[in-house]
Amino acid sequence: MNNISDNQLQESREGMGSVVVSILLMIIAFILTLFTLLIFFRNHTSPNTIGIWIPIGITSAASLAGLFFGRNALRTGAARGLSLLSMTVCVVLLLLEAGLAVYMLMK
Numbered sequence: 033m034n035n036i037s038d039n040q041l042q043e044s045r046e047g048m049g050s051v052v053v054s055i056l057l058m059i060i061a062f063i064l065t066l067f068t069l070l071i072f073f074r075n076h077t078s079p080n081t082i083g084i085w086i087p088i089g090i091t092s093a094a095s096l097a098g099l100f101f102g103r104n105a106l107r108t109g110a111a112r113g114l115s116l117l118s119m120t121v122c123v124v125l126l127l128l129e130a131g132l133a134v135y136m137l138m139k
């Protein structure tokens, strides 16, 4: 028989909720990254690049939130593979956004 306490069951539900939120934020951050890159490649020769910083900030915030929820899900131990996938994609998106921001600052 499974001897699962109510506390463990509640913690597992919270972990699965964190995984779902992390995956949703990962998908949102990926779509926002595509839009950010589209804006960047259309305006990368323009001297006025102020319009790219808002999408970079929003995408970075979504990636950080996905990373936070993925870490929370990993801490509870629920759906370890999905939370690792979500965290990895969010880190890659953050690195891409950071690289784009550094390029914009050096330009």
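In my numbering, the protein residues as written are 33 to 139.
Where a beta carbon is used, it is the ideal one built from N, C-alpha and C, also for glycine.
Output the distance between the C-alpha atoms of residue i and residue j, rounded to the nearest integer angstrom.
i           : j           : result
residue 128 : residue 136 : 12 Å
residue 124 : residue 107 : 20 Å
residue 100 : residue 121 : 13 Å
residue 89  : residue 109 : 30 Å
residue 78  : residue 95  : 27 Å
residue 139 : residue 51  : 38 Å
residue 113 : residue 49  : 15 Å
residue 76  : residue 130 : 16 Å
residue 33  : residue 47  : Confidence is the limiting factor: at residue 33 the pLDDT is only 47, short of 50, which leaves the residue's position unreliable, though a coordinate-based value still follows. Those two C-alpha atoms are separated by around 23 Å.
residue 82  : residue 118 : 30 Å
Taking residue i as part of the alpha helix (DSSP H), name the residues at either end of that continuous run.
i           : result
residue 113 : 112-138
residue 81  : First-last for residue 81: undefined, no H or E at that position.
Decide if residue i is buried, meaning its Cβ has at least 16 other Cβ atoms within 10 Å, or exposed.
i           : result
residue 55  : buried
residue 64  : buried
residue 132 : buried
residue 102 : buried
residue 93  : exposed
Name the residue from the options whose alpha carbon lies nearest to the alpha carbon of residue i.
i           : options            : result
residue 134 : 57, 63, 84 and 49  : 84
residue 58  : 126, 130 and 138   : 126
residue 91  : 109, 68 and 51     : 68
residue 61  : 105, 72, 87 and 48 : 87
residue 53  : 66, 97 and 117     : 97
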